[in-house]
Amino acid sequence: QTFEKLLIANRGEIACRVIKTCKKMGIKTVAIHSDVDANAVHVKMADEAVCVGPAPTSKSYLNMDAIMEVIRKTRAQAVSLNVSICCSFLSSLSLQASEGVTFIGPDTHAIQAMGDKIESKLLAKNAKVNTIPGFDGVVKDADEAVRIAREIGYPVMIKASAGGGGKGMRIAWDDEETREGFRFSSQEAASSFGDDRLLIEKFIDNPRHIEIQVLADKHGNALWLNERECSIQRRNQKVVEEAPSTFLDPETRRAMGEQAVALAKAVKYSSAGTVEFLVDSSKNFYFLEMNTRLQVEHPVTECITGLDLVQEMIRVAKGYPLRHKQADIPINGWAVECRVYAEDPYKSFGLPSIGKLSQYQEPLHVPSVRVDSGIQQGSDISIYYDPMISKLITYGSNRAEALKRMEEALDNYVIRGVAHNISLLREVIVHPRFVQGDISTKFLPEVYPDGFKGHKLTDLERRQLLATAASLYVAEQLRSQRFLGTPRIPIAKSKRSSWELSVHLGDGIYPVAVSKHGSSFSVEVDGMKLNVTSEWNLASPLLSVTIDGTQRTIQRISRNASGETSIQFLGTVYKLQILTKVAAELSKYMPEKAAEDTSSILRSPMPGTVVAVSVKPGDMVSEGQEICVIEAMKMQNSMIAAKTGKV
1 QTFEKLLIAN RGEIACRVIK TCKKMGIKTV AIHSDVDANA VHVKMADEAV CVGPAPTSKS
61 YLNMDAIMEV IRKTRAQAVS LNVSICCSFL SSLSLQASEG VTFIGPDTHA IQAMGDKIES
121 KLLAKNAKVN TIPGFDGVVK DADEAVRIAR EIGYPVMIKA SAGGGGKGMR IAWDDEETRE
181 GFRFSSQEAA SSFGDDRLLI EKFIDNPRHI EIQVLADKHG NALWLNEREC SIQRRNQKVV
241 EEAPSTFLDP ETRRAMGEQA VALAKAVKYS SAGTVEFLVD SSKNFYFLEM NTRLQVEHPV
301 TECITGLDLV QEMIRVAKGY PLRHKQADIP INGWAVECRV YAEDPYKSFG LPSIGKLSQY
361 QEPLHVPSVR VDSGIQQGSD ISIYYDPMIS KLITYGSNRA EALKRMEEAL DNYVIRGVAH
421 NISLLREVIV HPRFVQGDIS TKFLPEVYPD GFKGHKLTDL ERRQLLATAA SLYVAEQLRS
481 QRFLGTPRIP IAKSKRSSWE LSVHLGDGIY PVAVSKHGSS FSVEVDGMKL NVTSEWNLAS
541 PLLSVTIDGT QRTIQRISRN ASGETSIQFL GTVYKLQILT KVAAELSKYM PEKAAEDTSS
601 ILRSPMPGTV VAVSVKPGDM VSEGQEICVI EAMKMQNSMI AAKTGKV
């Protein structure tokens, strides 16, 4: 027996994840939501739902008074939080505890101690946990930040004391970057966590980010549930995670696990939590921070251990001792998680995108796939919240199997209406360095020094794409001649069996000859013949095509009457133009539309809120000078002048 009713003070996929376990355990759920989330999936899944305010998180999901009122009104016996918890809420929780409401998570002392990066570092040192050299106090201003950074030695990491999720973090390599980092980190920290205190520590260059999942009860028992490798990151936010790590040997794993448990016991921790470490190339590891909540990447741990972490958290909160001993915790198989975001990966590895999901289909037909999402077809991705669409998890008996399934799952994932990062995720998981396990937190900037440009086609893949696109075009032409299964015009010419086409892809124009044999097409590209077969179900968003025995899952994203079509092939969307030979010869007479000259305009690369304007009309600015600051999805971005001129 646990609780009759639980309030979930969160939104999106994590709220849905908690509701699923509550249903399994027979616990009624209460969801809270902002006015823009009234039709959200977590609201529909819960037994009750209450609006707690307008869209901004500070006025809704972090509105402590409103949440307390909902707890009283709905008579919830327990409350599950996974948001950045303010200290003001902790005092309210202690107050609620006297009224018999249980918090699903550690007690207020542990949250305060571990939620404050300065205090947590001191506690970690006392618990004999390896820590990063740095300044353990609060940095007062930019001048003090520069002085401390010089003492520690560049590069340094400036980060929010109350932070997490990559927000309020900046790396500085010199005095100027330290001043700028201090300003942005304190502003981001204040808007995301309501606390602008910062600390500075030595930045460990080129490390791995490996974390240990811990689980502790109120009876002094604590376990480590193996590690998660989280080194693939952009802007200090994780993109791909896996469990276990290819890097750790059993001795290092045990040492990290034992230090994580020692820290949990030192703060009398009781619940699921995560102790994060930076690990250098010699397998030296340093405590980074402890997250006192259910991490986004927890599903990979659940896959390899067989535990339901939400269920364990609820049991611990009710006062039950842990059911398992350290020796019972296995590593069964391998799990990989990709964070699917509404982002444009071609801009800084992912700048937020907003819009309505016009079409959405999860790849649940692929075996051993799990999708944790909080959205559905028709959902809006707005500027107010994190742009995550879902967490895509695949499992296999070994790493190669888990990665192969991930490749298939990404190819079969249908997302329309917003930009998304599937092309980047797919490129990462098939990259030779990633496959070999040769990764660090610098993986993305090292592999793509000029930014991500999508998949680079080999000659064979280019021919496969051209043959597929041409076959699709001909299948469409044949379909458009038929009406309810009969030819549209009875006096139509006898059936054609061959087509001469011109296909424009990238900078090249390729002559392609197509001939039809039953349901398959023989396509000649570059003087080579390819055989393309498919069911040619043109109404389906997914099309399984076999080219000379190689199976590919493609998606046709768009097409228009002038022969332009967009096809998702090997994760990347390619733009092609397919014309008949005659139309291609005539196309040279079509006037080209001149591109707009945007060099004198500063246009935000993403939707957001203008939080600061650094210039005024009439000011002279030089190239690279800050013009304004845009806040989008809780991150602050400095907009700079592209050239020297007058505002």
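Start counting the sequence shown at 1; every next residue gets the next number (the UniProt record's numbering). Glycine residues also receive a C-beta, built at the ideal position from the N, C-alpha and C atoms.
query	result
Any beta carbon from chain B within less than 8 Å of V279's own beta carbon?	The structure shown contains no chain B; it is built from a single protein chain.
Measuring CA to CA, which of R315, P511, D116 and H420 is closest to Y360?	H420
Taking only the alpha-carbon atoms, compute the straight-line gap between Q477 and R426 and give it to the nearest angstrom.	32 Å
For a test of the three-state rule: what should DSSP assign to H324, helix, strand or coil?	coil
Specify whether the segment 499-515 and the segment 429-437 touch according to this definition: at least 3 beta carbon pairs, one from each stretch, less than 8 Å apart.	no
If distances are taken between C-alpha atoms only, which option among G618, I630 and S34 comes closest to N63?	S34
Give me whichever residues DSSP pairs with residue 656 in a beta bridge.	As shown, the chain starts at 1 and ends at 647. That puts residue 656 outside it, with no answer to give.
Would a C-beta distance cut-off of 8 Å place T609 and E626 closer than the cut-off?	no
For A66 and S58, I'd like the C-alpha separation in whole angstroms.	11 Å
Decide yes or no for the touch test of the segment 293-313 against the segment 265-279: beta carbon pairs closer than 8 Å, at least 3 of them.	yes
Give the DSSP-derived three-state secondary structure of S84 in the structure shown.	Residue confidence for S84 is low, a pLDDT of 46 falling below 50, so the modelled location carries little weight; the figure read from the coordinates is stated next. Coil at S84, not helix or strand.
Are the beta-carbon atoms belonging to K159 and G153 less than 8 Å from one another?	no
Can you grab the Cα-Cα spacing for the pair S520 / V340, in whole Å?	35 Å
Would you list, in sequence order, the uninterrupted beta strand (DSSP E) runs of no fewer than 3 residues that lie entirely inside the segment 209-237?	222-234
Is it buried or exposed for P133, if we count other Cβ within 10 angstroms and need 16 for buried?	exposed
If you compare alpha carbons, which of I354, V129 and D47 is closest to G378?	I354
Kindly indicate which three-state DSSP category L357 falls into: helix, strand or coil?	coil
Here's a check: name, in chain order, each residue in its chain whose Cβ is nearer than 7 Å to the Cβ of T29, leaving out the five neighbours to either side.	L6, I8, I19, C22, A46 and D47
Are the CB atoms of S373 and Y395 within a distance shorter than 8 Å?	no
Since T252 and K283 should fall inside the 8 Å C-beta cutoff, what is the C-beta to C-beta distance between them, to a whole number of angstroms?	5 Å
Helix, strand or coil: which one does DSSP assign to K117?	helix
What does DSSP give as the partner residues of D386 in its beta bridges?	Answer is none; D386 lacks a bridge partner.
Would you be able to state if there are at least three C-beta pairs under 8 Å between the segment 377-393 and the segment 308-320?	no
Looking at C-alpha atoms only, which residue of I375, V336 and P607 is the closest neighbour of L403?	V336
Taking contact to mean 3 or more Cβ pairs, one atom from each stretch, closer than 8 Å, check whether the segment 596-606 and the segment 444-456 are in contact.	no
Under the three-state reduction of DSSP, which class applies to I578: helix, strand or coil?	strand
Taking the alpha-carbon of S192 as reference, which of G645, K643, M635 and A642 has the nearest alpha-carbon?	M635
Taking Cβ positions, are L466 and V418 nearer each other than 8 Å?	no
Just to confirm, are V621 and V615 a CB contact at a threshold of 8 Å?	yes
Secondary structure at L7, three-state DSSP: helix, strand or coil?	strand
Can you have a look at H517 and say buried or exposed, based on whether 16 or more other CB atoms are within 10 angstroms of its CB?	exposed
Specify, as a first and last residue, the run of the beta strand (DSSP E) that T533 falls within.	M528 to S534
State the beta-bridge partners of Y448 as determined by DSSP.	Paired residues: none, contrary to the question.
May I ask you to check if the CB of K117 is nearer than 7 Å to at least one heavy atom of the ligand GDP?	Absence of the ligand GDP is noted for the structure shown, with no ligands found whatsoever.
Straight-line CA distance for E144 to S161?	16 Å
Please report how far the alpha carbon of G571 lies from the alpha carbon of I111, in whole angstroms.	41 Å
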